[in-house]
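Residue numbers (numbering that gives the first Met the number 0): 0 to 460. Ideal Cβ placement from N, Cα and C applies to all residues, glycine included. Here's the structure, in structure tokens; my notes come after.
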Amino acid sequence: MQDTLIKNGLIVTADETMQADLLIVGGVIADAGEALDRPGANVIDAAGQYVMPGGVDVHTHLNLAVGQFKVSDGFFDGTAAAAFGGTTCVVEHPSFGPEGCSLMHQVQVNKQEAVESCVVDFGLHGVFQHLNSQTLDEISSLLSEGVSSGKIYLTYGGRLQDPQILSVLNQAKRSGLLTAFHAENHDIIEFLCQRFKDENKLAAKYHAQSRPDYCEAEAIYRIISMAQAVGNVPVYIVHLSTAAGLLAIEAAQDRGLPVYAEVCPQHLLLEDSCYEEPEKGLQYIMAPPARKAVDGAALWKGLKQGSINVVATDHCSFNFADKFTHGKNDFSRAPGGIPGVETRLPLMFSEGVLQNRISLNRFVEVVSTAPARLMGLFPRKGNLAPGADGDVVVFDPNMEKVITPNILRQNADYSPFEGRLVRGWPTTTIVRGRVVVQQGRLMVEKGWGQYISRKRCLKPR
Ligand SMILES: [Zn+2]
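In structure tokens, the structure reads:
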């Protein structure tokens with residue numbers, strides 16, 4: 000493999016910012032320093048641009064199918080979109096498998112498909128959808144397959160009940176699995192949805208009202224309490240969306256409990272008034288829903304101060320056409336989920352760094368280093384130290400774009416951030432030393448992405 004030398008850029012990591020060249024040899028970071036030279040290397044001029052560890056998005060659904068609906072991407076288009084957006088590694092949350100299937104089933108099915116299609120590296124989460132003695136035994140097989148985290152849902156068909164959650168947490172503590180949670184109170188949501196149905200309140204805005212903030216806060220508080228009962232076992236809250244939920248997390252962290260949180264750009268940037276947009280309101284159907292401005296402000300603060308550790312996307316690109324066809328007469332029938340893997344870095348830079356909500360180094364930390372650490376990808380991913388994978392994004396902090404579906408590589412027919420002017424966009428994305436995207440072109444074949452066997456969770460710092 001040809002060596003790569005990135006010249007004249009400003010290297011930005013979670014810890015430091017320095018003017019230096021970066022050398023990748025054999026797919027691995029070899030050196031950083033002034034005026035590096037390497038005969039025969041592919042030289043990339045990054046003058047005026049940032050050179051950062053590639054983005055790590057630890058919450059995607061690139062290959063999800065739910066009932067009659069399937070996301071529009073698949074692993075090829077989904078990871079191409081990731082690469083266009085400066086992300087070099089994703090960790091996929093598989094959907095629920097066939098009823099009664101083993102814990103390994105969805106991991107194996109997704110691994111096989113992903114390995115043939117991905118253009119960036121990938122890992123897989125486990126998913127709990129029922130519990131029996133076999134499931135608990137299988138947790139150790141997950142870990143030996145490099146799947147060091149598993150998700151429990153507190154809502155949807157495959158949700159677990161509290162006694163089952165306690166059993167999983169107990170086994171997770173023994174084996175070292177990081178348990179991730181979709182935290183919403185299922186019964187309250189069902190109750191409210193039924194009430195809205197009875198009252199013929201079926202417009203998109205009732206989607207948000209059917210999943211109020213206290214549903215999330217209650218679920219988070221319950222999860223933390225169970226983790227505490229089991230013996231302070233680490234838990235990871237995916238797509239945190241409310242100030243009330245954050246309060247529960249911060250109270251636990253203040254008591255020294257290992258509770259980690261992830262936030263998504265949609266909960267930092269969208270507000271629930273979006274559901275009132277005529278027709279387009281259905282675009283934003285997702286769970287948790289868009290919240291209030293006060294929630295967004297609290298989440299930004301948590302991200303800055305460190306009580307929120309990770310920015311991921313929950314990328315789940317059901318088409319607007321499907322959402323509209325099925326949801327126009329009843330919000331609850333629209334498939335839930337939005338695309339976002341391609342716009343995460345530009346949005347977080349433009350809205351986070353340039354709006355002085357987070358520092359430049361904190362930006363790199365939350366989109367790359369901290370998720371890599373928590374999900375057992377570090378030190379291969381999430382940093383530019385010698386020996387790390389040559390996963391690099393060259394990012395032009397002055398490039399301006401207005402987000403529209405037309406300028407994106409994703410396969411979805413809309414973007415929830417359409418019309419937004421952002422400043423800062425990736426220009427080159429490199430995975431293990433190979434240029435995957437340059438000047439808006441995909442440069443590798445399907446299958447360049449490798450499965451990454453993940454190690455145990457490391458604390459973010
Ligand atoms: Zn998700």
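Nearest to residue i (by Cα), restricted to the options the options
i	options	result
PRO334	HIS185, GLY66 and VAL106	GLY66
LEU346	VAL365, ARG332 and PHE330	VAL365
ALA31	VAL391, ALA320 and LYS400	VAL391
ALA34	LEU9, MET51 and GLY25	LEU9
THR324	GLY280, PRO338, SER349 and GLU198	GLY280
PHE447	VAL70, LYS454, PRO264 and VAL436	According to the sequence as given, residue 447 is Trp; it is not Phe. The candidate whose alpha carbon is nearest that of TRP447 is VAL436.
GLN18	GLY73, ILE5 and GLY25	ILE5
ASP72	LEU165, VAL118 and GLY389	VAL118
PHE394	LEU407, PRO404 and PRO425	PRO425
MET398	VAL293, GLN48, ALA82 and ASN41	GLN48
TYR213	PHE195, HIS185, ASN231 and LYS204	HIS185
LYS445	ASP120, ILE43, ALA179 and GLY96	ASP120
ARG210	HIS181, PRO233 and SER147	HIS181
ALA242	VAL232, TYR220 and ASN231	TYR220
ASP294	MET285, ASN318, CYS273 and LEU269	LEU269
VAL352	GLY326, VAL401, TRP299 and GLY389	TRP299
THR342	PHE319, PRO415 and VAL108	PRO415
VAL146	GLY386, HIS104 and GLY26	HIS104
GLY122	ASP36, VAL363 and GLY375	GLY375
ARG419	LEU102, TYR413 and ILE402	ILE402
TYR283	ALA207, ALA250, SER358 and VAL340	ALA207
HIS314	TYR205, HIS238, ALA250 and GLU249	HIS238
Ligand 1 heavy atom lying under 6 Å from the CB of residue i
i	result
ASP313	yes
HIS266	no
HIS104	no
HIS185	no
HIS92	yes
Residue i to residue j span [Cα, whole Å]
i	j	result
GLY466	ASP329	Absent from the structure is residue 466, since the part of the chain shown begins at 0 and ends at 460.
ASP14	ASN360	6 Å
LEU267	ARG356	11 Å
GLY39	MET0	11 Å
VAL430	LEU373	20 Å
GLY423	GLN133	48 Å
PRO296	ASP2	Here the sequence assigns Ala to residue 296, which means Pro is not the residue at that position. Spanning the two alpha carbons is a distance of roughly 44 Å.
PHE377	GLU189	40 Å
GLU417	VAL167	40 Å
ALA260	ILE222	12 Å
THR428	THR87	7 Å
PRO369	GLU198	The question names Pro, but residue 369 is Ala in the sequence shown. Each residue's Cα considered, the two are about 45 Å apart.
ARG408	PRO162	44 Å
ALA46	ALA64	43 Å
ALA216	ASP44	48 Å
VAL42	VAL50	14 Å
MET285	ASP56	18 Å
TYR450	ALA311	19 Å
PRO97	SER148	20 Å
ARG332	LYS69	14 Å
Opening and closing residue of the beta strand (DSSP E) in which residue i lies
i	result
GLU275	Taken as a continuous stretch (DSSP letters only), GLU275 belongs to no beta strand (DSSP E), as it is neither H nor E.
TYR152	148 to 152
CYS315	Neither: CYS315 is in no beta strand (DSSP E) and is coded neither H nor E.
PRO396	391 to 401
ARG422	420 to 430
GLN265	Here GLN265 belongs to no beta strand (DSSP E); instead the alpha helix (DSSP H) covers 264 to 268.
PHE180	177 to 181
ALA29	27 to 32
Opening and closing residue of the alpha helix (DSSP H) in which residue i lies
i	result
HIS206	204 to 208
PRO378	PRO378 -> no alpha helix (DSSP H), and no H or E assigned at all.
GLU115	102 to 116
CYS192	185 to 197
ASN169	161 to 174
CYS214	212 to 229
HIS60	Per DSSP, HIS60 belongs to no alpha helix (DSSP H) and is neither H nor E.
THR78	73 to 83
ASP294	292 to 304
PRO345	343 to 346
LEU123	Premise fails: LEU123 lies in the beta strand (DSSP E), 120 to 123, not in any alpha helix (DSSP H).
Distance cut-off 6 Å: residue i Cβ against heavy atoms of ligand 2
i	result
ALA171	With respect to ligand 2, the structure shown offers nothing to examine, as its ligands consist of ligand 1.
Within-7 Å CB hit, residue i to chain C
i	result
ALA207	Among the chains of the structure shown, chain C does not appear; only one protein chain is present.
* Asked: Should the region 151 to 158 be called in touch with the region 103 to 118, which here means at least 3 C-beta pairs below 8 Å?
  -> no
* To do: Inspect the CB distances between the region 154 to 169 and the region 124 to 143 and report whether three or more fall short of 8 Å.
  => yes
* Asked: Does the region 73 to 91 come within contact of the region 50 to 63, defined as at least 3 CB pairs closer than 8 Å?
  -> yes
* **Segment contact flag, the region 297 to 310 with the region 69 to 77, C-beta cutoff 8 Å, min 3 pairs** => no
* Within the chosen definition, does the region 213 to 232 reach the region 256 to 267 through at least 3 CB pairs nearer than 8 Å? -> yes
* Would you call the region 136 to 144 and the region 174 to 189 in contact, with 3 or more CB pairs under 8 Å? -> yes
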